[in-house]
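To start, the structure under review is shown below, and the notes come after it.
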Amino acid sequence: MHRNLGWRFGIIGAVVMLAFWYIYPTVRWSTLDSPQRKALTEEYRRYDAAHPAPTFSEEMNTYFSRWYRGDKAKVVNLGLDLQGGMHLVLEVDADAAITNEMVRLKDSLRRQFIKSRVMVGSMSVENRKIVVPLGTSPEDEVKKVINDYSAELNVESADGKLLVSMEEKRFEYLWTISVKQALETIRNRIDEFGVAEPVIQREGEDRILVQLPGIEDPERVIDLLGRTAQLSFHIVVEGPASQEQILAKYNQRLPQDSFLAPLSRKETKGSGLYYLLEKEAQVTGADLVDARIGTDDLGRPAVDFQLSSGGANAFEKLTEANLYKQLAIVLDNEVESAPSIRSRISQRGQITGHFTAQEAEDLAIVLRSGALPAPVRIIEQRTVGPTLGIESIKYGLRASLISFIVVAGFMIVYYRVAGAIADLALFLNIILLMAFMAYFRATLTVPGIGGIVLTIGMAVDANVLVFERIREELQKGKTLRSAIDAGYAKAFLPIFDGNLTTLITAAVLFQFGTGPVKGFAVTLSVGLIISMFTALFVTRAVFDFLTERKWVTRLSMLQVFKKLTNIGFVSKRYVAIAISLVALAIGMGTFVIRGNDNMGVDFVPGTMVQVRFQQPVTTEAVRNAVSKSALGETVIQQYGSPLDILIRTTGTRTDRASDTKGTATLVGEKIANALRENMQTPFEVERTEEVGAAVSADLRNKALLAILYSTIGILVYVALRFEFRFGLGGVVALFHDVLITMGALALTGRQIQLPVVAALLTIFGYSINDTIVVFDRIRENMKMRRGQEFAKLIDGSVNETLSRTIITSLTVLFVVTVLYIVGSEVTRDFAFTLIVGLVSGTYSTVFIATPVVIIWQQLFARRRQGFERAKAQKGKLSKV
1 MHRNLGWRFG IIGAVVMLAF WYIYPTVRWS TLDSPQRKAL TEEYRRYDAA
51 HPAPTFSEEM NTYFSRWYRG DKAKVVNLGL DLQGGMHLVL EVDADAAITN
101 EMVRLKDSLR RQFIKSRVMV GSMSVENRKI VVPLGTSPED EVKKVINDYS
151 AELNVESADG KLLVSMEEKR FEYLWTISVK QALETIRNRI DEFGVAEPVI
201 QREGEDRILV QLPGIEDPER VIDLLGRTAQ LSFHIVVEGP ASQEQILAKY
251 NQRLPQDSFL APLSRKETKG SGLYYLLEKE AQVTGADLVD ARIGTDDLGR
301 PAVDFQLSSG GANAFEKLTE ANLYKQLAIV LDNEVESAPS IRSRISQRGQ
351 ITGHFTAQEA EDLAIVLRSG ALPAPVRIIE QRTVGPTLGI ESIKYGLRAS
401 LISFIVVAGF MIVYYRVAGA IADLALFLNI ILLMAFMAYF RATLTVPGIG
451 GIVLTIGMAV DANVLVFERI REELQKGKTL RSAIDAGYAK AFLPIFDGNL
501 TTLITAAVLF QFGTGPVKGF AVTLSVGLII SMFTALFVTR AVFDFLTERK
551 WVTRLSMLQV FKKLTNIGFV SKRYVAIAIS LVALAIGMGT FVIRGNDNMG
601 VDFVPGTMVQ VRFQQPVTTE AVRNAVSKSA LGETVIQQYG SPLDILIRTT
651 GTRTDRASDT KGTATLVGEK IANALRENMQ TPFEVERTEE VGAAVSADLR
701 NKALLAILYS TIGILVYVAL RFEFRFGLGG VVALFHDVLI TMGALALTGR
751 QIQLPVVAAL LTIFGYSIND TIVVFDRIRE NMKMRRGQEF AKLIDGSVNE
801 TLSRTIITSL TVLFVVTVLY IVGSEVTRDF AFTLIVGLVS GTYSTVFIAT
851 PVVIIWQQLF ARRRQGFERA KAQKGKLSKV
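Residues in the sequence shown are numbered from 1 upward in steps of one, following the numbering used here.
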């Protein structure tokens with residue numbers, strides 16, 4: 001077969017078959033209802049447990065059987081924003097772990113001093129150092145005790161006291177190990193809790209990312225993960241009594257080796273009772289081997305625990321030596337209960353209190369999983385209800401389908417047979433993209449669906465470039481086959497350059513983005529790479545096949561312009577620049593006036609709660625109800641449908657001193673309580689998001705870095721591929737588009753959140769893609785029309801590519817507009833940003849990028865003329 005069509009169609013056929021192979025499990029799984037999915041998952045789990053080391057034959061049988069029947073391990077992952085769930089970022093207070101270690105070291109040294117009969121003053125821990133007042137003891141004697149205890153300690157003398165510290169590498173080890181142990185403890189707790197397919201991973205030095213799909217009780221999860229669960233047993237010295245009473249009894253000075261611990265808040269109910277306890281704990285949570293829910297003598301929920309052999313021996317000695325005394329069970333520095341010791345106890349015991357069954361079960365889970373080595377706090381929290389996720393999937397699929405139909409219909413109407421071939425490539429593009437995501441278990445998010453919709457529009461861009469080039473070659477009188485050859489050859493470089501610059505921004509997005517934004521970067525970048533294959537390889541093979549068989553002997557296409565336009569764009573550059581400056585002044589002026597109101601919850605510390613009512617309500621009624629919740633400044637706005645209300649507060653973490661709950665949970669509770677008390681309309685909390693100050697600052701920095709690196713990457717690439725003046729023109733146009741878009745967001749009262757940043761960076765890629773096509777034509781014409789005036793050459797190049805610019809802008813604008821109209825509210829700001837950016841990008845390609853190139857050219861031309869005049873003048877003077 002001519003032109004190696006056999007092997008080309010062989011590759012296409014193999015790729016298509018492979019794609020359908022990987023897509024089938026996702027399609028099959030989607031046809032199963034929830035009970036069928038659970039039954040299959042449990043069946044597979046039991047089989048895997050019974051066959052820990054299967055043979056090759058068993059593995060193959062299992063693989064093909066599960067592929068046919070359906071297997072969740074082979075389907076496209078859905079992000080939390082699509083299936084509902086919880087996203088948390090926890091920060092480990094590793095400094096607290098180091099402080100605790102220094103306190104333990106201080107207590108050990110104090111016992112060593114007592115044992116050595118060396119008198120020192122009251123020791124304390126300050127700035128990672130133990131302060132040891134010398135008192136009447138000689139300094140050398142005190143140092144000897146410290147050195148005998150450990151030769152690895154550093155000792156410094158300072159004004160009648162010694163400062164004891166550990167080696168810096170020891171501090172680094174404690175920091176690292178505390179974060180590592182916290183990660184393992186949290187993983188164990190979630191495993192015990194029974195969440196399917198959680199994501200638990202370390203982020204940075206001291207942060208832990210936790211993603212839990214399908215969570216129905218976020219408050220319980222937060223309490224489970226945030227509890228330190230430091231358990232210890234102490235002999236009671238005094239109490240229960242108020243703190244003032246205990247201090248008065250001991251003349252305001254507590255006995256050595258003792259400390260005050262409050263009675264659990266469940267027990268006191270606000271009465272403020274305390275126990276005075278012996279400091280040393282001979283048995284701790286580290287000695288536990290098991291903890292299960294049980295019942296006390298009155299049938300109330302309790303926690304039964306079992307100790308290790310070493311812990312059992314220590315517990316036996318402790319209880320035998322303190323018969324008829326009270327033994328306090330201390331959990332996270334609070335006394336849960338303090339029963340009297342009536343007999344010797346060894347291996348088993350019970351923790352009692354006013355627990356509910358769920359509280360007892362959760363306490364058993366955290367005790368089994370082990371204590372956190374240091375406190376953790378929630379610095380970012382996002383919760384999406386399952387209903388909102390289902391709606392996002394529905395809207396996303398609808399937007400994708402309509403976009404495909406609109407673009408496919410347009411291509412057939414405008415390009416006829418060539419358009420049908422492009423539609424085949426477009427359909428294959430979507431199939432291959434979904435197959436890729438299924439194979440690599442990539443996560444599909446709401447912005448990721450936006451990426452697919454955008455890919456549908458941008459995928460035809462390459463076809464349009466090729467078809468417009470083929471049209472030009474046909475108009476020059478070439479045969480159809482020669483025109484096709486030339487069209488693909490001349491379109492390759494601008495297609496490659498344009499897609500590569502978009503991939504630069506996608507790579508930056510992936511590097512600096514978070515979960516949903518990374519999902520967008522993956523779908524966009526993979527979609528672009530696949531579109532190169534389908535547009536240049538697949539469509540070319542189909543064209544060659546059809547022309548080889550003589551089934552297609554001519555190509556008819558519609559035209560935007562019947563003949564080549566001759567618009568003087570360059571002469572209008574100053575008018576266009578003036579219009580842009582006015583638009584920028586209005587937009588950016590509004591942006592500056594709005595200040596922090598421009599920023600969404602991702603970039604300004606605060607909490608956002610989305611509430612869905614069963615009947616339409618007014619924002620004023622919601623504002624009046626929420627104002628009674630003492631949350632401070634709140635912003636109330638309608639969100640999409642009349643049933644959805646968005647409530648945003650900049651509430652701080654003042655509640656967090658003694659509470660493990662995240663701010664989002666506390667704010668959500670306050671808002672829900674206020675709405676229940678002050679409004680009659682039933683409602684449901686659909687989504688909560690909280691971003692702390694540290695995370696919002698981090699996200700802001702990442703967004704700025706993403707824009708900076710994208711700019712540098714594009715400038716360097718365009719400068720290398722063309723010339724510096726072209727790279728400068730492209731970057732100026734990019735900033736023009738981004739600033740115009742930001743101004744439009746401000747003028748319409750929208751806020752910048754992570755998906756909007758993703759859209760802004762996508763504008764970077766698309767705008768430069770459009771500009772590169774024009775630059776490529778300018779470069780081509782500079783070689784062919786040497787000596788032509790530069791301004792006329794640019795006008796001619798822009799006019800030659802004008803048809804392609806309008807068509808590609810329209811196709812992408814079609815799909816983004818569909819996403820804006822049909823998509824979910826979550827993608828609406830994203831789509832709006834792209835709409836404004838696309839219009840501005842098309843305008844800036846013609847009226848900003850090319851004028852900058854001309855202005856730069858003129859500046860250097862004048863400078864060069866000045867140098868030449870100066871040189872000539874110098875030559876004349878030298879002759880004189």
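All C-beta atoms in this analysis are idealised placements derived from N, C-alpha and C, irrespective of residue type, glycine included. In this text the structure is predicted, and so the values were computed from the model without any measurement.
Same chain, Cβ closer than 8 Å to residue i, five either side skipped, listed in chain order
i, result
"Phe496", "Met532"
"Ile405", "none"
"Gly587", "Leu739, Ile740, Met742, Gly743, Ala744, Ala746, Leu747"
"Phe233", "Ala281, Gln282, Val283, Thr284, Phe315, Leu318, Leu327, Ala328, Ile329, Val330"
"Tyr47", "Thr62"
Residue i versus residue j - alpha carbon distance
i, j, result
"Ser346", "Met679", "56 Å"
"Met102", "Tyr44", "49 Å"
"Asp659", "Tyr173", "For Asp659, the pLDDT reaches just 42, beneath the cut-off of 50, and the residue's location in the model is therefore unreliable, leaving the point undetermined."
"Asp71", "Arg648", "40 Å"
"Ala541", "Leu5", "7 Å"
"Ile707", "Leu761", "7 Å"
"Gln358", "Phe193", "12 Å"
Run of the beta strand (DSSP E) containing residue i, from where it starts to where it stops
i, result
"Asp223", "No beta strand (DSSP E) holds Asp223; the alpha helix (DSSP H) holding it covers 218–226."
"Ser897", "The structure shown does not extend to residue 897, since the chain spans only 1 to 880, so no value can be given for it."
"His87", "85–92"
"Pro755", "Careful: Pro755 lies outside any beta strand (DSSP E), inside the alpha helix (DSSP H) at 754–784."
"Arg37", "Counting along the chain, Arg37 falls outside any beta strand (DSSP E), though it belongs to the alpha helix (DSSP H) covering 34–50."
"Val366", "That residue, Val366, is in no beta strand (DSSP E); its alpha helix (DSSP H) goes 357–369."
"Leu325", "Checking the sequence shown, residue 325 turns out to be Lys, not Leu. Lys325 -> no beta strand (DSSP E), and no H or E assigned at all."
"Asn154", "154–157"
Close beta carbons around residue i, own chain, < 6 Å, minus the five adjacent residues each side
i, result
"Gly310", "none"
"Leu524", "Gly451, Ala506"
"Leu363", "Val303"
"Thr185", "Ser369, Gly370, Leu372"
"Ala576", "Phe847"
"Val195", "Leu212"
"Thr850", "Ile794"
"Pro642", "Pro616"
"Val773", "Pro494, Thr801"
"Asp655", "Legend: pLDDT at Asp655 = 41, less than 50; position of this residue unreliable, value from coordinates given subsequently. Excluding residues within five positions, the ones whose Cβ falls inside 6 Å are Leu666."
"Leu183", "Arg202, Ile208"
Residue closest to residue i, alpha-carbon to alpha-carbon, out of the options
i, options, result
"Lys572", "Lys792, Ile778, Gly765, Asp423", "Lys792"
"Val818", "Leu307, Ile402, Gly749, Ala321", "Ile402"
"Ile567", "Val822, Ile421, Gln326, Phe847", "Phe847"
"Leu78", "Val92, Glu320, Val446", "Val446"
"Gly204", "Ala94, Lys249, Leu734, Pro240", "Ala94"
"Ile645", "Gly419, Arg253, Val685", "Val685"
"Gly85", "Thr383, Gly749, Ile579", "Thr383"
"Met922", "Ile235, Leu754, Phe569", "What is shown of the chain runs 1 to 880, which leaves residue 922 out entirely."
"Glu361", "Asp81, Ala96, Gly294, Leu720", "Gly294"
Integer Cβ distance of residue i from residue j, believed to fall under 8 Å
i, j, result
"Ile752", "Gly837", "Wrong, their Cβ atoms sit about 13 Å apart, outside the cutoff."
"Phe315", "Val366", "Not really, about 20 Å apart at Cβ, beyond 8 Å."
"Gly160", "Pro133", "7 Å"
"Gly285", "Ala328", "Rounded, the Cβ-Cβ distance is 14 Å, inconsistent with contact."
"Arg687", "Phe603", "Their Cβ separation, rounded to whole angstroms, is 18 Å, which puts Arg687 and Phe603 out of contact at 8 Å."
"Arg416", "Met557", "6 Å"
Range of the contiguous alpha helix (DSSP H) that encloses residue i
i, result
"Ile821", "790–822"
"Ile449", "446–475"
"His736", "724–747"
"Lys249", "243–249"
Close beta carbons around residue i, own chain, < 7 Å, minus the five adjacent residues each side
i, result
"Asp423", "Ala408, Met411, Ile412"
"Phe790", "Ile854, Gln857"
"Val460", "Val407, Met411, Ala422, Leu426, Thr811"
"Arg8", "Ala541"
"Ser178", "Val92, Ala94, Ala97, Pro373, Ala374"
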